[in-house]
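Colleague: Structure in structure tokens, see below.
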Amino acid sequence: MAILVVAAVLVAVIVGYDRLPSLASLVPSFPTSTPTPTATARVTATPTPSGPGVRAVSTSNLYARPDRGAEIVAVLPAGSRGLPDGRTTDDAWVHLTFSNAKGWTSVAGLEFEGIEVRSLPVLAAAAPTAVASGTPIAGADPALGEVSVQAGMLTVVVRNLGGTAITDATFTLQVTKAEGDLVGQATIGPTSLAAGASAQVVTPIAITSSGSYRVVLTGVPGVEDAVRSDNTRQVLLIPSVS
């Protein structure tokens, strides 16, 4: 009697096992999600100005006035383009806009594209800043004019902007790089300059690499410099290509 009862229970267990759900049916199913498309940002490059204009064939300076002794307002890298809006009466200089700067540059370093220099209107250059006192300079005023490189050597123009002649004076010229490194120092003179006269000096200071340089002209006892601010120039110098 006991044996039959055990057998009946075993059969029930076996039958119950057969009715259990399969393992696959126990794994939950999730709806397949569709990826949301991501928008890709498009970067639009600023177009190079097209149309009539000028292109710098070599690195050039942009001056506040059509004068190499004037303040430099910007540097035109080789290949850069500008929009001219005027010229000097002798067609040697043009006034143009480059980036956010406006100024004058020599036509010698430019290539005209779709425009001729003679087609530009003649513009009057801004006058140099007047001396604060408003009175004529009575004493001697040695000043730096154009600074350039000739045959690899630093060349400067020394001017006497005052109303008194400079006689047998000696000056010191100091040249440093923009970072402050000393490039060289030279003595100019003895020299004499009448009031309003100028002289070009080829110095023994060699310029071997392109870059921004600071050139300072200092006087000597016996020559009172009326305006010292015009003795310092920050210029871009490029060695001559042999």
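Following my numbering, the numbering of the sequence shown begins with 32 at its first residue and continues without gaps. Note that the Cβ used here is the ideal one computed from N, Cα and C, for glycine as well. Every value quoted in this text rests on a predicted model; they were computed, and no experiment measured them.
#1: Please confirm whether L93 and V85 have their CB atoms less than 9 Å apart.
#2: So, using beta-carbon positions, are P173 and G193 closer together than 9 Å?
#3: Take the Cβ of V233 as the centre, count every other Cβ of all protein chains shown within 10 Å, and call the residue buried at 16 or more, exposed below.
#4: Can you tell me whether L268 is buried or exposed, with buried defined as 16 or more other CB within 10 angstroms of its CB?
#5: For a test of the three-state rule: what should DSSP assign to S150, helix, strand or coil?
#6: For the beta strand (DSSP E) containing S137, list its first residue and its last residue.
#7: By DSSP's criteria, L224 is part of a beta bridge. Which residues make up the other side?
#8: What span of residues does the beta strand (DSSP E) with G110 cover, start to end?
#9: Please tell me whether A225 and A196 are closer than 9 Å, where the distance is taken between their beta carbons.
#10: Taking all protein chains shown into account, decide if A76 is buried (16 or more other Cβ within 10 angstroms of its Cβ) or exposed.
#11: Taking all protein chains shown into account, decide if T136 is buried (16 or more other Cβ within 10 angstroms of its Cβ) or exposed.
#12: State the beta-bridge partners of V206 as determined by DSSP.
#13: Tell me the DSSP secondary structure of G140 in three-state form.
#14: Using three-state DSSP, classify D261 as helix, strand or coil.
#15: Taking a contact to mean a Cβ-Cβ separation below 9 Å, would you say T222 touches L204 in this structure?
#16: Could you give the C-beta distance for P270 and I236, rounded to a whole number, given that I count them as a contact under 8 Å?
#17: Helix, strand or coil for L192 per DSSP?
Modeller: Taking the definition as stated:
#1: no
#2: yes
#3: exposed
#4: Buried, by the Cβ-count rule.
#5: helix
#6: A132 to S137
#7: I197
#8: From DSSP, G110 is part of no beta strand (DSSP E); its letter is neither H nor E.
#9: yes
#10: The predicted position of A76 is uncertain, since its pLDDT is 33 and thus under 50; a value taken from the coordinates is nonetheless stated next. Looking at its Cβ environment, which holds fewer than 16 other Cβ atoms inside 10 Å, A76 is exposed.
#11: buried
#12: G215 and V246
#13: helix
#14: helix
#15: no
#16: Going by Cβ atoms, the distance from P270 to I236 rounds to 12 Å, so no, they are not a contact pair.
#17: coil
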